[in-house]
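Participant:
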Amino acid sequence: MRFHVLTLFPEVFPGPLAHSMVGRALGKGLLSLQVSDIRAYTHDAHGTADDYQFGGGAGMVMKPEPIFEAVEAALAPYPPEQRGSIPVALTSPQGKLLDQKLAQELARAPALVIICGHYAGVDARVSQRLATHEISIGDYVLTGGELPAMVIIDTVARFVPGVVGSAENVMEDSITSGLLQHPIYTRPAEFRGLAVPEVLLSGHHARIARWRREESLRRTLAQRPDLLARADLSVEDLKFLEGLGYEVKQK
Ligand SMILES: C[S@@+](CC[C@H](N)C(=O)[O-])C[C@H]1O[C@@H](n2cnc3c(N)ncnc32)[C@H](O)[C@@H]1O
Numbered sequence: 008m009r010f011h012v013l014t015l016f017p018e019v020f021p022g023p024l025a026h027s028m029v030g031r032a033l034g035k036g037l038l039s040l041q042v043s044d045i046r047a048y049t050h051d052a053h054g055t056a057d058d059y060q061f062g063g064g065a066g067m068v069m070k071p072e073p074i075f076e077a078v079e080a081a082l083a084p085y086p087p088e089q090r091g092s093i094p095v096a097l098t099s100p101q102g103k104l105l106d107q108k109l110a111q112e113l114a115r116a117p118a119l120v121i122i123c124g125h126y127a128g129v130d131a132r133v134s135q136r137l138a139t140h141e142i143s144i145g146d147y148v149l150t151g152g153e154l155p156a157m158v159i160i161d162t163v164a165r166f167v168p169g170v171v172g173s174a175e176n177v178m179e180d181s182i183t184s185g186l187l188q189h190p191i192y193t194r195p196a197e198f199r200g201l202a203v204p205e206v207l208l209s210g211h212h213a214r215i216a217r218w219r220r221e222e223s224l225r226r227t228l229a230q231r232p233d234l235l236a237r238a239d240l241s242v243e244d245l246k247f248l249e250g251l252g253y254e255v256k257q258k
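For the sequence shown, the positions run 8 to 258 when my numbering is used.
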């Protein structure tokens with residue numbers, strides 16, 4: 008899968024994306040990252056990519072023309088019949104919150120174009136006419152879209168076949184599975200008086216699977232009870248949750 012990032016600060020890439028699993032996938036060609044400087048698509052001697060806000064107000068606004076041109080240049084190498092299937096994502100705190108479902112959906116495309124905003128934001132015509140998606144990484148405001156672009160790429164990349172060791176790992180991740188993941192341990196079996204639960208050392212696969220499921224349910228109830236209403240729960244799961252005080256609402 009190919010990621011195109013359009014930014015006023017190309018030097019911050021690849022940053023953390025050069026490391027670990029995403030870095031290896033870039034090295035192997037499973038992913039590719041093309042970073043374009045939006046300023047390269049300006050047409051004045053000063054490379055002006057932002058301007059004052061119509062109607063007054065604090066902060067500069069990123070101009071539409073270089074962003075439209077940068078997106079058109081990123082899409083130009085793709086055959087016309089493929090262009091329509093390539094999402095163009097504008098990073099914005101006003102966008103749809105990024106979650107595993109959206110990341111999985113984006114990972115099905117052959118490429119993803121990401122526009123990084125800055126200053127007071129981006130001229131509204133970019134979201135009106137150019138972007139197919141407006142994506143927020145959380146209910147807080149950052150100074151620019153570069154960190155959100157990295158977060159989006161890392162999250163989407165995990166769904167690209169071959170990037171993470173096994174597809175099973177990805178599907179067992181918290182949230183993707185519908186619940187929070189059970190606690191995980193490695194050696195030593197005892198550390199500073201804290202022992203790994205005995206069942207995990209038992210070699211009894213069915214007991215281990217049930218323990219993991221129950222711990223996953225227990226954690227989700229304690230930390231993200233909102234997820235339970237949407238999770239795929241068996242009769243056994245519901246009985247276990249009821250024992251923990253969870254009230255099952257009729258759907
Ligand atoms: C300071 S913000 C502008 C916020 C804008 N004034 C508003 O209220 O929507 C500058 C840029 O950072 C990026 N950004 C900030 N917070 C973000 C978030 N939570 N998710 C995604 N992008 C964000 C966007 O690209 C945005 O255009």
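Idealized CB from N, CA, C, for every residue including glycine.
1) How many angstroms separate the CA atom of Lys-103 from the CA atom of Ala-96?
2) To the nearest whole angstrom, what separates the beta carbons of Leu-137 and Val-78, a pair I think is in contact under 8 Å?
3) So, with DSSP's three-state summary, where would you put Ala-65?
4) Under 6 Å from any heavy atom of ligand 1, does the C-beta of Thr-139 make it?
5) Hey, is Ala-127 close to ligand 1, as in C-beta under 6 Å from one of its heavy atoms?
6) Start and end of the alpha helix (DSSP H) containing Ile-159?
7) Can you determine whether any heavy atom of ligand 1 sits closer than 6 Å to the C-beta of Val-42, and answer yes or no?
8) DSSP state of Ile-74, grouped into three classes?
9) Look at the alpha carbon of Leu-187 and the alpha carbon of Ile-160, and state the distance between them as a whole number of angstroms.
10) Out of Val-148, Thr-98 and Pro-86, state which residue places its alpha-carbon closest to the alpha-carbon of Val-129.
11) Could you please give me the residues that DSSP links to Leu-104 through a beta bridge?
12) Across which residues does DSSP place Arg-9 in a beta bridge pair?
13) Let me confirm a value: Ser-223 is counted as buried when at least 16 other C-beta atoms fall within 10 Å, else exposed. Which label applies?
14) Between the C-alpha atoms of Val-255 and Phe-247, what's the straight-line distance to the nearest angstrom?
Facilitator: According to the structure shown:
1) If you number the sequence shown from 1, residue 103 lands on position 96. If you number the sequence shown from 1, residue 96 lands on position 89. About 10 Å.
2) Sequence index remark: in the sequence shown, residue 137 carries index 130 (1-based). Sequence index remark: in the sequence shown, residue 78 carries index 71 (1-based). Right, the Cβ-Cβ distance comes to about 6 Å (below 8 Å), so this counts as a contact.
3) By 1-based counting over the sequence shown, the position of residue 65 is 58. DSSP places Ala-65 in coil when its eight states are reduced to three.
4) Walking along the sequence shown from the start, residue 139 turns up at place 132. No, since every heavy atom of ligand 1 falls outside the 6 Å radius drawn around the Cβ of Thr-139.
5) Here the question's residue 127 lines up with position 120 in the sequence shown. Answer for Ala-127: yes, Cβ within range of ligand 1.
6) Position 152 of the sequence shown, counted from the first residue, corresponds to residue 159. Here the alpha helix (DSSP H) through Ile-159 covers 153 to 164.
7) Within the sequence shown, numbered from 1, the residue matching residue 42 stands at position 35. Answer for Val-42: no, Cβ out of range of ligand 1.
8) By 1-based counting over the sequence shown, the position of residue 74 is 67. Helix, per DSSP.
9) Position 180 of the sequence shown, counting from 1, holds the residue named residue 187. Position 153 of the sequence shown, counting from 1, holds the residue named residue 160. Cα to Cα, Leu-187 sits roughly 22 Å from Ile-160.
10) As a working mapping, residue 129 is identified with position 122 in the sequence shown. Of the candidates Val-148, Thr-98 and Pro-86, the one whose C-alpha sits nearest the C-alpha of Val-129 is Thr-98.
11) For the purposes of this step, residue 104 is taken as the residue at position 97 of the sequence shown. Looking at the DSSP assignment, Leu-104 forms a beta bridge with Ser-143.
12) As a working note, residue 9 is residue 2 in the sequence shown. Answer by DSSP bridge pairing, in chain order: Ser-39 and Ala-118.
13) Translated into the one-based positions of the sequence shown, residue 223 becomes position 216. Buried: at least 16 other Cβ atoms inside 10 Å.
14) For the purposes of this step, residue 255 is identified with residue 248 of the sequence shown, where counting begins at 1. For the purposes of this step, residue 247 is identified with residue 240 of the sequence shown, where counting begins at 1. Distance between the alpha carbons of Val-255 and Phe-247: 11 Å.
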